[in-house]
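Below: one structure, written as structure tokens.
Here's what the structure looks like:
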């Protein structure tokens with residue numbers, strides 16, 4: 118990572134440090150927000166779509182509070198923090214493809230919060246944008262970090278994209294049941310989403326450890 122062009126905030130922190138904090142918090146909020154919404158949703162099963170926590174799909178959408186507010190707020194906060202991180206990383210990284218993909222990922226997650234499951238077709242479009250751009254962003258992040266962390270980034274992003282691609286292949290081309298069908302729609306979706314959410318604090322921690330601020334404290 119190139120920190121030579123790092124800008125300092127009024128708190129004396131570098132762009133990389135602030136981006137690291139934002140991504141770490143985004144991952145924490147994403148995981149804990151979903152868990153909290155699941156617990157408060159009556160008779161919720163992880164075989165259900167994650168977005169059911171905000172609202173089920175038309176024509177007869179079901180909305181349970183406070184799960185809906187918690188989930189939608191979680192998506193809004195997570196998306197906003199990822200967008201902030203993407204902007205800061207765009208200013209300090211030589212490779213611009215990764216922060217651009219990260220920004221699209223954050224924008225997609227924010228859109229999921231704005232348009233719950235009962236708002237068709239926008240919710241589905243933003244959800245798909247989140248899945249695809251998130252997987253691409255995580256794979257591209259492998260190009261800006263050293264080994265062995267780059268291998269983990271490639272693994273997390275690759276798993277997410279591979280599971281997503283398998284859904285389309287078996288649904289549109291194969292015409293038969295997916296090998297992942299026993300997991301249910303919610304289980305399959307979690308194999309797409311959770312690698313991305315777990316990557317957020319992992320990459321955020323890398324940024325915090327690798328930033329100029331962390332280096333300065335050890336000199």
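Numbering (this note's numbering), first residue to last: 118 to 336. The beta carbon of each residue, even a glycine, is placed where N, CA and C say it ideally should be. Remember, it's a predicted structure, so these values are computed and weren't measured experimentally.
Under 8 angstroms between C-beta atoms of residue i and residue j
i	j	result
residue 194	residue 206	no
residue 184	residue 200	no
residue 237	residue 174	yes
residue 192	residue 224	no
residue 187	residue 153	yes
residue 145	residue 318	yes
residue 65	residue 232	This structure leaves residue 65 out entirely; the chain is present only between 118 and 336.
residue 137	residue 269	no
residue 213	residue 260	no
residue 230	residue 177	no
residue 204	residue 181	no
residue 166	residue 306	yes
residue 283	residue 300	no
Cβ-based neighbour list, residue i, same chain, cut-off 7 angstroms, excluding 5 preceding and 5 following
i	result
residue 156	none
residue 262	270, 323
residue 326	none
residue 304	163, 164
Range of the contiguous alpha helix (DSSP H) that encloses residue i
i	result
residue 267	266-285
residue 211	Segment: none, residue 211 is in no alpha helix (DSSP H) and carries neither H nor E.
residue 317	301-327
residue 171	First-last for residue 171: undefined, no H or E at that position.
residue 234	It is not in any alpha helix (DSSP H) - residue 234 carries neither H nor E in the DSSP assignment.
residue 156	132-157
Rounded Cβ spacing between residue i and residue j (contact assumed at less than 8 angstroms)
i	j	result
residue 337	residue 254	Past the edges of the chain, shown from 118 to 336, lies residue 337, and the structure says nothing about it.
residue 140	residue 266	Rounded, the Cβ-Cβ distance is 14 angstroms, inconsistent with contact.
residue 234	residue 172	4 angstroms
residue 337	residue 215	Outside the shown range of the chain, which is 118 to 336, sits residue 337, and nothing can be said about it.
Contacts around residue i, its chain only, beta-carbon distance under 6 angstroms, and the 5 residues preceding and following it disregarded
i	result
residue 277	252, 309, 312, 313
residue 208	132
residue 274	252, 255, 256
residue 179	173
residue 168	234
residue 239	232
residue 316	255, 273
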